[in-house]
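Using the working numbering, count along the sequence shown one by one with no gaps and you end on 878.
Ideal Cβ placement from N, Cα and C applies to all residues, glycine included.
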Amino acid sequence: MPQEKLPHIILRDKKQTYSYTPGSGRNTPYTPIKNREGHGAVLKQSLVQSLEDLRAQYAAISLDPSIIDRGAVIEMQFTPDSNVDVTVLENKTSKIELLNVKTDNNNRPSSAVIYVPEGKEEAISKQIDSYARPENPRNVPKYDQTETFEAATLEKMWLDKRALPDDRTVLYNWEVWLKPESFERIQILIALLPNARVSNHKIKFPEREICSITCSLNDLNQIHLISKCMSGFRYLPTMAGFFDALPANDAMDWIEDLNGRMTYNSDTDVSVCILDTGIRSEHPLLSYHIITNGMDTYDPTWGIEDDCGHGTQMAGIALFGDLAPVLETELPVQINHGIESVKVFPPTGSNSEDLIGYITAQAVATAEINNPDIHRVFCMSWSMEHIDDLDGNAVMEGKPTTLSAKIDQLAFGVVDFEDWRVNDDDKRLFIISAGNIREDFPPEQYGDINALREIEDPAQAWNALTVGAYTDKMFTNDPNYADWNALAEQGGLSARSRTSVLWGAAHWPTKPDIVLEGGNHFVDPSNTYFDYHEDASVLTTDKGTLFSSTRDTSPANAEASRLAALVMTQYPEFWPETIRGLMVHSAEWVGAMNVSFQNKAHKISHLRRFGYGVPQQDFLLNSFANRPCAVIQDELKPFALSTTGNGNVIFGDLNHYELPWPKEALEEIYDKQVKLRVTLSYFIEPSPSERPPKTKYNYTSHGLKFRLKRPNETENEFLDRVGREIDEDFQDDDKFADFLDVSIDDQDKWLLGPQSRDRGSIMSDIWTGTGSELASQNMIAVVPHGGWWKFRTKFPNEEKPRHSLKVRYSLVLSLITEENIDLYTPITVQNTVEIET
């Protein structure tokens with residue numbers, strides 16, 4: 042007999058806050074230089090030589106030499122495995138700026154590029170003198186670990202892993218990173234170069250501006266030498282191609298039948314906003330559901346209708362899911378959310394002049410201006426093409442790009458780029474496809490090639506929900522395919538779905554976060570190639586004919602957007618962070634992806650292939666008597682100004698909660714298996730520059746993680762242990778493992794454990810034990826860890842620095858047992874909670 046569906050439980054005002062007190066911390070040692078005087082002489086000589094080399098490069102400038110910024114751009118090369126504090130390379134008095142930092146494979150600084158204004162070179166020379174003197178030396182750690190100075194040529198500013206082109210005269214599209222307030226100067230310089238173009242707009246981040254420039258390397262070198270305002274550059278990514286719609290027979294009778302069974306809420310305030318190629322507005326299954334003023338375009342010359350078909354396909358899935366089962370059933374269909382469309386791609390070609398990040402931001406603003414009272418999910422079922430390394434090396438490595446960082450910024454709710462104001466009410470939910478493998482490959486490479494093809498930009502965005510594709514579709518009734526076999530097993534990865542397996546144990550987020558249906562392929566009898574078939578694809582609406590089939594990560598992403606809209610409609614109070622958290626929290630590994638783990642590396646690899654699995658709609662939207670789900674939406678202050686008066690910022694508060702289920706209820710099933718699922722979801726503010734802090738957390742404003750009380754640990758012991766972990770703020774996995782001490786931390790009871798799950802801004806895990814064991818582990822904490830807010834102590838201003846802000850998070854807790862016992866009611870009684878309906 043089916044269990045009764047119950048609403049999720051909202052827990053309010055249950056936290057207790059514990060203020061962190063810093064301990065002694067630690068500092069990684071380095072080997073000091075014994076002969077500082079001799080090393081200082083070498084450094085001074087290399088400084089002089091680097092300045093001479095820089096001036097010699099001015100001969101390559103064809104423009105008026107009077108416009109040259111005569112300051113110096115110099116690279117400092119560090120010793121291997123250095124731990125130099127790159128924040129000390131800047132000097133506000135002398136206006137010496139840090140432009141970029143590069144790191145080695147251990148994430149330690151290997152070099153840094155600095156800008157020295159004209160006439161301030163002597164400031165560095167004097168620092169070296171003070172370092173080399175026998176008595177009371179200064180700047181010792183910095184110059185002990187500096188090997189040499191070099192002129193920072195254009196090549197030193199290269200941020201891409203791919204090689205620079207050999208021909209320096211060919212025009213390329215570049216993504217160029219600039220110092221603040223530099224874009225207008227770049228525009229002036231570009232106007233002087235006949236074959237160069239610059240984007241009409243810039244994108245602003247904390248301490249960086251980004252634009253696109255089309256020019257040759259020779260011209261870019263002139264810009265670099267003249268302006269001294271570039272902090273780095275890389276190839277500008279291009280848009281990936283969309284799938285063509287498949288032809289379908291006229292099926293107007295199906296549509297009339299469905300419309301006859303369908304009811305919809307014309308007054309809905311929830312929408313899926315499709316940022317894509319537009320929508321066919323007159324499609325008989327879509328037209329009723331497009332909200333008023335719900336169609337627009339970035340460029341009015343493009344029109345609002347769908348020229349390609351991709352946006353129309355996504356709209357059908359965002360409303361109905363896979364249309365095949367919806368059309369085949371005779372049951373009524375209720376649609377409670379609408380759709381919107383903002384066209385972000387031109388009818389032909391791709392966006393080359395303006396950064397796609399800028400276009401995306403303008404599209405978001407357009408939708409919100411047109412309908413300011415709508416609560417929406419942003420659906421981005423496309424990605425930017427990059428060139429894969431055929432030797433199996435990571436190219437992106439999960440690092441942010443202009444587009445992914447812009448999405449993170451929009452999701453976080455930065456609303457003003459003059460005072461950098463943040464508004465929590467403007468936080469947004471973006472759902473993004475992981476990207477598809479476009480080249481053909483033989484069937485025997487399936488699985489292996491998915492591991493070797495990284496997810497594409499912007500799917501690495503920390504704050505987005507990234508969606509990969511799996512399949513449950515195994516069969517076709519086509520007699521022409523009678524001897525063909527399904528490529529993927531049931532529950533296996535869809536053939537062309539990309540992963541982040543190549544990122545390994547790196548600290549970048551686990552992507553994809555979830556997987557949804559992306560269709561299967563069939564292998565020919567000779568096992569030499571595979572092909573798609575409509576029977577194993579996802580049926581949806583089409584811009585030309587009425588229906589078409591689609592496959593891979595695009596329909597999976599649109600389906601995720603539909604599910605998120607269902608949550609948004611049913612639980613209007615839930616934040617974007619909460620909806621993303623529930624999507625992951627309800628996910629399960631099914632079929633072929635449900636495996637036993639061999640070790641930590643296997644866990645990480647599996648997460649980077651399948652994410653947390655397939656969201657189960659019943660568990661996404663409902664609690665059950667033996668599976669109650671409690672949601673906590675709360676905030677904490679991760680950082681605070683030290684009370685010692687030294688101006689340093691330390692970690693601030695941690696929040697801890699008593700688990701919401703009565704101890705008596707657990708003791709009733711004291712010897713029965715019970716599972717506790719915990720999911721933590723929060724958004725970060727991005728800082729994609731190559732500036733300090735150059736640590737594993739330099740991109741994110743802050744980090745959060747959860748910790749569960751150990752068996753027989755008192756509350757004070759628990760808080761003390763968590764406080765010591767905050768104090769260490771581990772960046773070394775081996776030291777973290779030593780700290781955890783598996784023998785006493787019951788890590789074997791977690792399906793993943795902190796070393797596998799603590800990545801990105803969403804994490805989920807399942808603890809398994811007995812009812813009596815969980816009754817003694819009745820406390821959970823949300824704990825802050827590193828981020829750039831801790832180091833940039835005066836951003837954006839001294840009056841309201843970022844470290845003074847509180848941050849939001851959502852903590853989702855589920856208790857799961859196979860026993861026929863009501864755990865839901867005791868929770869509601871004990872906590873006198875509000876039940877969302």
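Around the C-beta of D145, are 16 or more other C-beta atoms found within 10 angstroms, so that it is buried, or is it exposed? exposed
Let's test the definition: count the other Cβ atoms within 10 Å of the Cβ of A671 and tell me whether it reaches 16, buried, or not, exposed. Per the 10 Å Cβ criterion, buried.
In this structure, how does DSSP classify T210 when only helix, strand and coil are distinguished? Secondary structure of T210 (DSSP, three-state): coil.
Of all the options N262, R174, L258 and P373, which has the alpha carbon lying nearest to the alpha carbon of R302? P373
Mapping DSSP to helix, strand and coil, what is P795? helix
Just to confirm my understanding: we take D414, look at its own chain, exclude 5 residues before and 5 after, and list those with CB closer than 7 angstroms. What are they? D310
Quick check on V367: does DSSP put it in helix, strand or coil? helix
Quick one: what's got a C-beta closer than 8 angstroms to S171's C-beta in the same chain, skipping five residues either side? P178, R179 and N180
If you scan the region 612-686 from start to end, which runs of the alpha helix (DSSP H) of 4 or more residues do you find wholly inside it? Listed in chain order, the alpha helix (DSSP H) elements of length 4 or more contained wholly in the region 612-686 are 617-626, 641-651 and 658-662.
beta-carbon D789 near the ligand PLP non-hydrogen atom, thresh 8 angstroms: Because no ligand of any kind appears in the structure shown, any question about the ligand PLP cannot be addressed here.
In chain order, what residues of the same chain lie with their CB nearer than 6 angstroms to the CB of E222, ignoring the 5 residues before and after it? none
Inter-residue spacing [alpha-carbon to alpha-carbon] between Y57 and D768: The residue you asked about is not Tyr; residue 57 is Gln in the sequence shown. Cα to Cα, the separation comes out at about 20 angstroms.
Return the chain-ordered list of same chain residues with a C-beta closer than 6 angstroms to the C-beta of I785, the five sequence neighbours on each side being excluded. Note that I785 scores 46 on pLDDT, short of 50, meaning its location in the model is unreliable and no value can be drawn from it.
Compare the beta carbon distance of M355 and N598 with 9 angstroms and say whether it is the shorter of the two. yes
In terms of residues, what are the limits of the beta strand (DSSP E) holding E93? Element bounds for E93: not the beta strand (DSSP E) but the alpha helix (DSSP H), R77 to A97.
From T187, H351 and G160, residue whose alpha carbon lies closest to that of L84: T187
Would you tell me roughly how many angstroms separate the C-alpha atoms of L200 and N124, rounded to the nearest one? 21 angstroms
May I ask you to report which of helix, strand or coil DSSP gives E45? coil
Here's the rule: buried if 16 or more other CB atoms are within 10 angstroms of the residue's CB, otherwise exposed. What is E726? buried
Taking only runs of the alpha helix (DSSP H) that begin and end inside the region 454-523, which ones reach a length of at least 4 residues, in chain order? 489-493
CB-CB under 6 angstroms to F638, same chain, minus the five flanking residues each way: which ones, in chain order? K644
Measuring CB to CB, does I821 end up less than 9 angstroms from H626? no
Across the region 444-453 and the region 464-478, are there enough close Cβ pairs to call them in contact, namely three or more that are closer than 8 angstroms? yes
Assuming I673 contacts A628 under a Cβ cut-off of 8 angstroms, what Cβ separation, rounded to an integer in Å, is found between them? At roughly 19 angstroms, the Cβ-Cβ gap does not stay under 8 angstroms, so I673 and A628 are not in contact.
Nearest-angstrom beta carbon gap, L266 and Y399 [assumed within contact, 8 angstroms]: Taking 8 angstroms as the upper bound for CB-CB distance, Y399 and L266 are not in contact here, some 27 angstroms apart.
Helix, strand or coil at A546 [DSSP, three-state]: coil
R649 beta carbon less than 9 angstroms from that of S722: no
Identify whether A605 lies in helix, strand or coil by the three-state DSSP scheme. helix
Given a threshold of 16 other Cβ atoms within 10 Å of its Cβ, counted over all protein chains shown, does S154 qualify as buried or as exposed? For the record, residue 154 in the displayed sequence is Val; it is not Ser. V154 is buried by the Cβ-count criterion.
On the premise that G693 lies in contact with H826, defined as a C-beta separation below 8 angstroms, what is that separation, rounded to the nearest angstrom? With 8 angstroms as the limit, H826 and G693 do not qualify as a contact, their Cβ atoms being about 12 angstroms apart.
Inter-residue Cα distance where the pair is H574 and G560: 9 angstroms
Any 3 or more C-beta pairs closer than 8 angstroms across the region 110-117 and the region 79-97: yes
Top-ranked residue by Cα proximity to S107, from S268, G335, R762 and V385: S268
Backbone CA spacing between L661 and A605 [nearest angstrom]: 9 angstroms
Option in L864, T610, N521 and A529 with minimal Cα separation from N667: L864
Among T342, T443 and A601, which has the Cα closest to the Cα of A510? Among T342, T443 and A601, the Cα nearest to that of A510 belongs to A601.
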